[in-house]
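Protein chains in written order, with our numbering: chain A, 43 to 377; chain B, 419 to 684.
Below: one structure, written as structure tokens.
Right, dumping it as structure tokens:
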């Protein structure tokens, strides 16, 4: 019984939340890695792109709610998502046209493009705050639980509750579908192949007659879609606050680099590595330990790191990976 | 076919190409030789649109193509290969070939969903063509290999194959022989000659291997210090005083001549 309780506690406090969080990071890291692979720079504006996309999605959600439209048990935000994606894609394409294209044309070094993206980040930062403000916003509606904690306790008779929130299931299912679609797209469609060709060898892609402007536009559209999706799922699972999305940049980059920049499969693996580590390291293991070692009462919480320091986990993993495997777990391009 | 007029390319104070003028005749296999640093590769890069020239003009069949981007030149039938073979390492050999005629219907995000039949048709045609090319180059057995795993020579063959995926008019080959073993080099040479005779490709070949140049090319253009030094049939070029001097320097040239005259040189 105690063993079961311990397992349920691990499932409830680590596996489920970390899987949802990992899926969100993976989607974010996929966007970063695509831009790095194809446009060849680290896009620091990605966190704020997520915030912008989510903000638009929230505004549309409010509009739909005011009109009395809902998606039944699913969050209304899912209906608003296509509008959010379209708006973000339009913004990305406009930014590319006004800002990045110039630097591409003069063949600026990647580090310059990265610095330019920092500038874009600050602008988008401001735009999002003007649009929706700086406060914490909760916009999840629809069913709250797939498995509720009280139901679970009554049903199993265990002391430990288990909660599986609807947003967590939606996050994982949506992320799974989108990732499957993206891999199919990259592997099988001509557009996807031309993107891979561009990432593999830009000179040769150009000499093969592939139109770079098209590849760049498609990359921005997909990155905008991934960013809006990641941001909205994160916001549904937790809450939306523009500042938090700016902070998310660190674990997202850590995930992309750990997996290997430029490698889509790496971005996903990296997302989960970072998420599981972050959650496991900041979890108070006292309860689990008490179940597993009967008659032993741990002093303190048995928490390796307090949650305020959770970003230190991303940093630590990042440094370890860069020291021992600089191209990441899945052999990305050199960092 | 290609006419280069008084072309200059300067990198800062360095004049890599310094007033080169030359012509490549339709249907020829023109060799481009010269000592290291003569500006051959830079000239290629300028013609192929990688670098913009500092000044000068390049025309193709009378049309001004100076400073066009590589993908634009590609659609005009001007192709090039690289000194160090380029490939898409994570794709199979066949996929590498199938990437070549860029600008397919399936390359627009929208068309991927709306014009599936057309795309399937194009892909089938590409697949057939790629298999023919692999057959022509006698590397059919490598079709599913990742291109990154090929040997240097096989990559050069793949590069040549890439030019066959479209109706190329002129192909610039940058050191096809570099790091390739004899047998494979002969295969490449045969393929070049066949493409020239059977399909009417015009070639311009940079190469250091004089046997290869002598066997394949007529005429041969010699470059030194960014300028065209001489032009002519391979036999006459290799006797040309200025050419020997450019390669060996004056002192060594005189020594070799003296030794040859005295019958000491072997």
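Glycine is no exception: its CB is placed at the ideal position from the N, C-alpha and C atoms.
Quantities reported herein were computed from a predicted structural model and do not represent experimental measurements.
Bridge pairing for residue 432 of chain B: B:429 [DSSP]. With the criterion set as a beta carbon lying under 9 Å from some beta carbon of chain A, the members of the region 507-525 of chain B are 507, 508, 509, 513, 514, 516, 517, 518, 519, 520, 521, 522, 523, 524 and 525, in sequence order. Membership of residue 161 of chain A in the alpha helix (DSSP H) is indicated by the continuous run 152-174.
With respect to chain A, the C-beta atom of residue 527 of chain B has a partner C-beta closer than 8 Å. For residue 592 of chain B, no alpha helix (DSSP H) encloses it; the enclosing beta strand (DSSP E) starts and ends at 588-592. Relative to the Cα of residue 554 of chain B, the nearest Cα in the group B:580, B:570, B:531 and B:533 belongs to B:580.
Under a criterion of Cβ atoms nearer than 8 Å, the residues of chain B adjacent to residue 243 of chain A are, in order, 504, 505, 506 and 507. For residue 366 of chain A, the enclosing alpha helix (DSSP H) stretches over residues 352-366. Under DSSP, the beta-bridge partners assigned to residue 423 of chain B are B:475. Residue pairing for residue 574 of chain B: DSSP places it in no beta bridge. Excluding residues up to 5 positions away in sequence, 254 lie with their Cβ nearer than 7 Å to the Cβ of residue 248 of chain A in the same chain. In this structure, the beta-carbon distance from residue 62 of chain A to residue 279 of chain A falls below 8 Å.
Positions of the beta strand (DSSP E) runs, each at least 3 residues long and wholly inside the region 637-672 of chain B, are given as 638-642 and 645-650 in order along the chain.
Contact between the region 538-555 of chain B and the region 516-525 of chain B is present: 3 or more CB-CB pairs across the two stretches fall below 8 Å. In the three-state reduction of the DSSP assignment, residue 598 of chain B falls in the coil class, being assigned neither a helical nor a strand state. Under the Cβ criterion of 8 Å, residue 488 of chain B is counted among the residues facing chain A. Counting only Cβ-Cβ distances below 9 Å, residue 143 of chain A has no contacts in chain B at all, with the closest Cβ about 14 Å away. Annotation: residue 449 of chain B to residue 604 of chain B spans about 16 Å, alpha carbon to alpha carbon. A check of alpha carbon separations from residue 194 of chain A across A:206, A:274, A:370 and A:138 identifies A:206 as the nearest. Between the alpha carbons of residue 613 of chain B and residue 270 of chain A lies a gap of roughly 51 Å. With a beta-carbon spacing of about 6 Å, residue 184 of chain A and residue 208 of chain A fall inside the 8 Å limit used to define contacts. Here DSSP, grouped into helix, strand and coil, assigns residue 481 of chain B to strand. Where residue 448 of chain B is concerned, the enclosing beta strand (DSSP E) starts and stops at 447-451. When C-beta distances to chain A are compared with 9 Å, the residues of the region 580-614 of chain B below that value are 580, 583 and 584, in chain order.
In this model, residue 172 of chain A and residue 274 of chain A are separated by some 18 Å (Cα to Cα). With respect to chain A, the C-beta atom of residue 428 of chain B has no partner C-beta closer than 8 Å. Residue-level contact by beta carbon holds for residue 530 of chain B and chain A, with a gap shorter than 8 Å. By the Cβ neighbour-count rule, residue 90 of chain A is buried, with 16 or more other Cβ atoms within 10 Å of its own.
The beta carbons of residue 287 of chain A and residue 92 of chain A sit about 5 Å from each other, so the pair counts as a contact at 8 Å. Comparing alpha carbon positions, the residue from B:446, B:592 and B:419 closest to residue 501 of chain B is B:592. From the listed residues A:368, A:304 and A:109, the smallest Cα separation to residue 508 of chain B is found for A:304. Contact annotation for residue 252 of chain A against chain B: 489, 517, 520, 521 and 525 [CB-CB distance below 8 Å, chain order]. Chain-ordered listing is empty here: chain B has no CB closer than 9 Å to the CB of residue 149 of chain A, the nearest sitting near 11 Å. Residue 329 of chain A and residue 48 of chain A have their C-alpha atoms some 8 Å from each other. Assignment of residue 341 of chain A by DSSP, reduced to helix, strand and coil, places it in the coil class. Interface annotation, residue 128 of chain A: not in contact with chain B, CB-CB separation never under 8 Å.
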